[in-house]
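Residue numbers (this note's numbering): 487 to 763. Heads up: the structure comes next, in structure tokens.
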Amino acid sequence: MKLVQFYQREDQERKLQVGVVKGDKEVVALNVAGTMRDVIQTANIRSLEEGAVYRLDEVKLLSPLTDPEKIICIGLNYHDHVIESNMQVPKVPVLFPKYNNCLIGQDDEVVIPSEVTQCDYEVELAVVIGKTAKKVPLENAMDYVFGYTVLNDVSARDIQLNEPQWTRGKAIDGFAPTGPWIVTADEIDNPGNLGISLTLNGETMQNSNTKELIFDIPYLVSFLSNTITLRPGDIISTGTPPGVGMGKKPQVWLKHGDVVEATVEGIGTLRNTFAAE
């Protein structure tokens, strides 16, 4: 299933709805109250009653999750990205948070604050947790995965790398475009072997495969749940492959009017335009 959050473009109140994408052109609303996080906690999502049918061009897709309890991001999780960042291969996962203020959706505009001069892109496979996970054994970790989406870990490098912690440079408003939907786990045979890429104004900047992850998804779920209780709707963004703007020679920084398309095989393409504040 491809699950979305959306509102009707003609709806002046912009009422949030949860729906299922059918084919390439339709969204079927689910007759449920609440947000995607509420739907994820439903015992049998496939039993939910379907409602109105809309054309995709009749709706505005939002971030498929707008109210997760946690967004946990993993840094330096592809070998070649560690090299291009001039850092050491981590012995344990490198963690940093983003927050709900960062979440925007398909075709939303990412506003680059005036104080940011080194805005960078990072395509990532994001994992959505499906049920409460605490001290999960490695062999059972995938049982707690609800599905997957695409996340662009937009980063202000000039802030991130000039302060003791990464948080302020990573958690800027709108700096976590996510979507365009959640693909449920049963649709992805092997999340550890998916093509992952990003284009900037049509030019390929990142192109790799999730098999290059240093810490894979089962390990991350088990590792995190040892000390952090994971809740339904939580997001784990698994890190970015090489090719970020910071690692280019010369370096490439996002500017007003740039269009970034982040793609993960089997999920889809997340598209956003960048704008100067």
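From the three backbone atoms N, C-alpha and C, an ideal C-beta is built for every residue, glycine too.
### Message
Just list the residues that DSSP pairs residue 599 with in beta bridges.
### Response
Paired residues: none, contrary to the question.
### Query
How should residue 604 be labelled, buried or exposed, when 16 other C-beta atoms within 10 angstroms of its C-beta is the threshold for buried?
Residue burial annotation: residue 604 is buried, with at least 16 other C-beta atoms found within 10 angstroms of its C-beta.
### Task
For chain D, find out if any of its Cβ atoms is closer than 9 Å to the Cβ of residue 730; answer yes or no.
Absence of chain D from the displayed structure is noted, only one protein chain being present.
### Message
Tell me which residues share the same chain as residue 542 and place their Cβ nearer than 7 Å to its Cβ, disregarding the 5 neighbours each side in the sequence.
### Response
The answer, listed in chain order, is 511, 512 and 513.
### Task
Have a look at residue 659 and residue 666 and give me their C-alpha separation to the nearest angstrom.
Looking at the backbone, the Cα of residue 659 and that of residue 666 are separated by about 18 Å.
### Task
On the DSSP bridge assignment, give the partners of residue 616 in chain order.
Per DSSP, residue 616 has no beta bridge partner at all.
### Task
Could you round the C-beta distance between residue 699 and residue 733 to whole angstroms and report it? I think they count as a contact, below 8 Å.
Going by Cβ atoms, the distance from residue 699 to residue 733 rounds to 18 Å, so no, they are not a contact pair.
### Message
The alpha helix (DSSP H) that contains residue 708, what's its start and end?
### Response
Taken as a continuous stretch (DSSP letters only), the alpha helix (DSSP H) holding residue 708 covers 703-711.
### Task
May I have the straight-line CA-CA distance separating residue 520 from residue 654, to the nearest angstrom?
Between residue 520 and residue 654, the C-alpha separation is close to 30 Å.
### Task
With DSSP collapsed to three states, give me the class of residue 660.
The three-state reading of DSSP puts residue 660 in coil, since its state is none of H, G, I, E or B.
### Query
Since residue 682 and residue 695 are thought to touch, with beta carbons under 8 Å apart, how far apart are those beta carbons, to the nearest angstrom?
Going by Cβ atoms, the distance from residue 682 to residue 695 rounds to 6 Å, so yes, they are a contact pair.
#### Entry: N-terminal and C-terminal residue of the alpha helix (DSSP H) that residue 646 is part of
Residue 646 -> alpha helix (DSSP H) spans 643-646.
### Query
Under three-state DSSP, which class holds residue 723?
In the structure shown, residue 723 adopts extended strand secondary structure according to DSSP, grouped into three states.
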